[in-house]
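A.B. asks: Structure incoming, see below.
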Ligand code: GDP
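As structure tokens, this is what we get:
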């Protein structure tokens, strides 16, 4: 669902407008600095279009300068919303605080709709026209109090939202998803690729000095095509032209850039090496979905297997969320488990949590386990939003710094609640002092 954020300095009538859009007459919250409400995101709709309405007015907790606070609201809106409603009091005209908002809004590429509020009758229409001077587009004269003009304004908001996928229409045949098969030299990447492709074929002419060095291969697995990126870096005949080390380092990062999911292949006939861990970390840093694959399983005996699992748990505890498959490129063991693991990780990577759902979950979590007090102050979490997917990225708006421990706690709980198996997730804070 798209997000529409309402910004503007206090007393322009943001809350009344929000209530008007939600179709509520009651509960107009006073626009007094210091008033904090516990909810700022609402489910709303107009002309059959659903969206999340965010009232940034709920954060006016005082302390810092007015212009700064509203600029922060606008900053927040510019970063997270799909469209912004900028509310101005037409009867007052443009103030410094309004100008501060405009400076922020000018920098964003997000659509802005100016609501010229308190135009309760024809007498104030001229006031609204003056707001063209803000330089952020057509002012829509509205009266949040009486409802006048809000329909036209909402039409403009809906028109500015990104196109919704129309119902009943077939999803276009999606492109094959892109896999990077990575791992240190000799773990069996080339053998695994051959096993998956089903033949020992040469796909590139190993001509020294060729410039076409990023060659992708499409391989059908589990009934659908997958693109393995930069297989020239894996194929032995081609690789022989360059040092193995070259591929192990440079190649991995360029392959990751173009991939959506990485299979990190490791060799269980050797102890896990620092280089293996490094490749895993590269994947996490690149923000790609991850599958851990342990190759040469055929070389293990029962006892070694037991200790190996423990060793892996310990060494790869940072990515305990990643699915694992134990395979043998030599015997073909468990090759069929690769596709479900890839699908799991990609599903986690693609996940988007609706803002409303995220916040109602977070509110409960924070009520049960508040952030630790820091410097005598209790940081508050005002609002959270998933700013992006692939990988999932969350922004927490807080009134103070959250300790690493607490952020890890939130990440752990996010995973418990919403999944994200196989995907790194990013959690950032925006602090308003
Ligand atoms: P790459 O450098 O990661 O591409 O590794 P290769 O595919 O070239 O394999 C390195 C060595 O490991 C070769 O001698 C392979 O025959 C061997 N190898 C690969 N996979 C397996 C496996 O599943 N079991 C065993 N026993 N050996 C394997």
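Numbering (UniProt numbering), first residue to last: 22 to 454. Yeah, the Cβ is synthetic: ideal placement off N, Cα and C, and Gly gets one too.
Using a threshold of 7 Å, is the CB atom of residue 347 nearer than that to any non-hydrogen atom of the ligand GDP?
C.D. replies: To locate residue 347, count along the chain shown from 1; it is residue 326. No, the beta carbon of residue 347 sits no closer than 7 Å to any heavy atom of the ligand GDP.
A.B. asks: Pick from 373, 216, 422: whose alpha carbon is nearest that of residue 397?
C.D. replies: As a working mapping, residue 397 is identified with position 376 in the chain shown. Measuring from the Cα of residue 397, the nearest candidate turns out to be 422.
A.B. asks: Do three or more CB pairs link the stretch 233-250 to the stretch 310-325 at distances below 8 Å?
C.D. replies: no
A.B. asks: Relative to the ligand GDP, is the shortest distance from any of its heavy atoms to the C-beta of residue 308 smaller than 7 Å?
C.D. replies: Position 287 of the chain shown, counted from the first residue, corresponds to residue 308. Result no, Cβ not under 7 Å from the ligand GDP.
A.B. asks: Specify, as a first and last residue, the run of the alpha helix (DSSP H) that residue 40 falls within.
C.D. replies: Taking the first residue of the chain shown as position 1, residue 40 is located at position 19. Counting along the chain, the alpha helix (DSSP H) containing residue 40 begins and ends at 35-43.
A.B. asks: Would you mind sorting residue 322 into buried or exposed? The rule is 16 or more other CB atoms within 10 Å of its CB.
C.D. replies: Locating residue 322 in the chain shown gives position 301, counting from the first residue. Answer is exposed; the Cβ neighbour count stays below 16.
A.B. asks: Could you please give me the residues that DSSP links to residue 314 through a beta bridge?
C.D. replies: What you label residue 314 is simply residue 293 of the chain shown in a count that begins at 1. Answer by DSSP bridge pairing, in chain order: 286, 346.
A.B. asks: Roughly how many angstroms lie between the CA atoms of residue 205 and residue 213, to the nearest whole one?
C.D. replies: As a working mapping, residue 205 is identified with position 184 in the chain shown. As a working mapping, residue 213 is identified with position 192 in the chain shown. Computed Cα separation, rounded: 14 Å.
A.B. asks: In chain order, what residues of the same chain have a beta carbon less than 7 Å from the beta carbon of residue 153, not counting five sequence neighbours either side?
C.D. replies: Here residue 153 refers to the residue found at position 132 of the chain shown. Closer than 7 Å at the Cβ level, and outside the excluded window around residue 153, lie 160.
A.B. asks: On the CB-based measure, 16 or more other CB atoms within 10 Å of its CB, does residue 447 come out buried or exposed?
C.D. replies: Translated into the one-based positions of the chain shown, residue 447 becomes position 426. Looking at its Cβ environment, which holds fewer than 16 other Cβ atoms inside 10 Å, residue 447 is exposed.
A.B. asks: Check whether the Cβ of residue 351 lies closer than 7 Å to any heavy atom of the ligand GDP, and answer yes or no.
C.D. replies: Taking the first residue of the chain shown as position 1, residue 351 is located at position 330. Because some heavy atom of the ligand GDP lies under 7 Å away, the Cβ of residue 351 counts as near it: yes.
A.B. asks: Do the stretch 387-395 and the stretch 344-363 meet, that is, are 3 or more Cβ pairs less than 8 Å apart?
C.D. replies: no
A.B. asks: Short of 8 Å in beta carbon distance, which residues of its chain neighbour residue 99, apart from the five on each side in sequence? Order them along the chain.
C.D. replies: Walking along the chain shown from the start, residue 99 turns up at place 78. Here the set comprises 105, 125, 126, 128, 129, 131.
A.B. asks: I think residue 27 touches residue 38, with their Cβ atoms under 8 Å apart; what is that distance to the nearest whole Å?
C.D. replies: To locate residue 27, count along the chain shown from 1; it is residue 6. To locate residue 38, count along the chain shown from 1; it is residue 17. Cβ-Cβ separation between residue 27 and residue 38: approximately 6 Å, consistent with a contact (criterion under 8 Å).
A.B. asks: Return the chain-ordered ranges of every alpha helix (DSSP H) run that is complete within the stretch 137-170 and spans a minimum of 4 residues.
C.D. replies: 146-150
A.B. asks: Can you tell me which of the three DSSP states residue 233 falls into?
C.D. replies: By one-based count along the chain shown, residue 233 stands at place 212. With a pLDDT of only 44 at residue 233, under 50, the local geometry of the prediction cannot be trusted, and the value read off the model is given with reservation. Three-state DSSP puts residue 233 in coil, outside helix and strand.
A.B. asks: Compute the minimum distance between the beta carbon of residue 390 and the heavy atoms of the ligand GDP, and state whether it is under 7 Å.
C.D. replies: For the purposes of this step, residue 390 is identified with residue 369 of the chain shown, where counting begins at 1. The answer is no for residue 390.
A.B. asks: Pull up the distance between the alpha-carbon of residue 353 and that of residue 281, whole angstroms please.
C.D. replies: Position 332 of the chain shown, counting from 1, holds the residue named residue 353. Position 260 of the chain shown, counting from 1, holds the residue named residue 281. Whole-angstrom Cα-Cα distance: 25 Å.
A.B. asks: Can you give me the start and stop residues for the beta strand (DSSP E) that residue 66 sits inside?
C.D. replies: Position 45 of the chain shown, counted from the start, is the residue given in the question as residue 66. First-last of the beta strand (DSSP E) with residue 66: 62-67.
A.B. asks: Rounding to the nearest angstrom, what Cα-Cα distance links residue 293 and residue 440 in this structure?
C.D. replies: Counting from one through the chain shown, the residue named residue 293 turns up at place 272. Counting from one through the chain shown, the residue named residue 440 turns up at place 419. Roughly 27 Å separates the two Cα atoms.
A.B. asks: Does the separation of the CB atoms of residue 149 and residue 137 fall below 8 Å?
C.D. replies: Numbered from its first residue, the chain shown carries residue 149 at position 128. Numbered from its first residue, the chain shown carries residue 137 at position 116. Yes.
A.B. asks: Beta carbon of residue 380: closer than 7 Å to some heavy atom of the ligand GDP?
C.D. replies: Locating residue 380 in the chain shown gives position 359, where the first residue counts as 1. Within the chosen limit of 7 Å, the ligand GDP does not reach the beta carbon of residue 380 with any heavy atom.
A.B. asks: For the ligand GDP, is there a heavy atom less than 7 Å away from the beta-carbon of residue 320?
C.D. replies: Position 299 of the chain shown, counted from the first residue, corresponds to residue 320. True, at least one ligand heavy atom lies under 7 Å from that Cβ.
A.B. asks: Thinking residue 254 and residue 412 are a contact (beta carbons under 8 Å), I'd like their distance in whole angstroms, please.
C.D. replies: The sequence position of residue 254 within the chain shown is 233, counting from 1. The sequence position of residue 412 within the chain shown is 391, counting from 1. Not confirmed; about 23 Å, so no contact.
A.B. asks: Name the two residues that bound the continuous alpha helix (DSSP H) containing residue 423.
C.D. replies: Walking along the chain shown from the start, residue 423 turns up at place 402. Where residue 423 is concerned, there is no enclosing alpha helix (DSSP H), given that its DSSP letter is neither H nor E.
A.B. asks: What are the start and end residues of the beta strand (DSSP E) that includes residue 246?
C.D. replies: To locate residue 246, count along the chain shown from 1; it is residue 225. Under the DSSP assignment, residue 246 falls in the beta strand (DSSP E) whose first and last residues are 245-249.
A.B. asks: Do residue 73 and residue 443 have their CB atoms nearer than 8 Å?
C.D. replies: Stepping through the chain shown from its first residue, residue 73 is reached at position 52. Stepping through the chain shown from its first residue, residue 443 is reached at position 422. No. Outside cutoff.
A.B. asks: What are the start and end residues of each continuous beta strand (DSSP E) run of 3 or more residues lying completely inside the stretch 332-396, in chain order?
C.D. replies: Restricting attention to beta strand (DSSP E) runs no shorter than 3 residues, the stretch 332-396 encloses them at 345-347, ordered along the chain.
A.B. asks: I'd like to know if the stretch 364-374 and the stretch 399-418 are in contact, where contact means that at least 3 CB-CB pairs between them fall below 8 Å.
C.D. replies: yes
A.B. asks: Output the boundary residues of the alpha helix (DSSP H) element that contains residue 214.
C.D. replies: The residue you call residue 214 lines up with position 193 of the chain shown. Taken as a continuous stretch (DSSP letters only), the alpha helix (DSSP H) holding residue 214 covers 210-218.
A.B. asks: Measuring alpha carbon to alpha carbon, tell me which residue in 355, 320, 302 is nearest residue 338.
C.D. replies: Taking the chain shown and counting its residues from 1, one reaches residue 338 at position 317. Selected option, being the one with the closest Cα: 302.
A.B. asks: Could you name the residues that DSSP lists as bridge partners for residue 134?
C.D. replies: As a first step, residue 134 must be located in the chain shown, where it is residue number 113. Answer is 106.
A.B. asks: Tell me whether residue 93 sits in a helix, a strand or coil according to DSSP, three-state version.
C.D. replies: Taking the chain shown and counting its residues from 1, one reaches residue 93 at position 72. It is helical.
A.B. asks: Look up residue 117 in the DSSP assignment and say whether it is helix, strand or coil.
C.D. replies: What you label residue 117 is simply residue 96 of the chain shown in a count that begins at 1. In this structure, residue 117 counts as helix in the three-state DSSP scheme.
A.B. asks: So, is residue 381 buried or exposed, given that buried needs 16 or more other C-beta atoms within 10 angstroms?
C.D. replies: Looking up residue 381 in the chain shown gives position 360. Only exposed fits residue 381, as fewer than 16 other CB atoms lie within 10 angstroms of its CB.
A.B. asks: Which whole-angstrom value describes the C-beta separation of residue 163 and residue 171, a residue pair presumed to lie in contact below a C-beta threshold of 8 Å?
C.D. replies: As a first step, residue 163 is located in the chain shown; it is residue number 142 there, counting from the start. As a first step, residue 171 is located in the chain shown; it is residue number 150 there, counting from the start. Contact holds; Cβ gap of about 5 Å.
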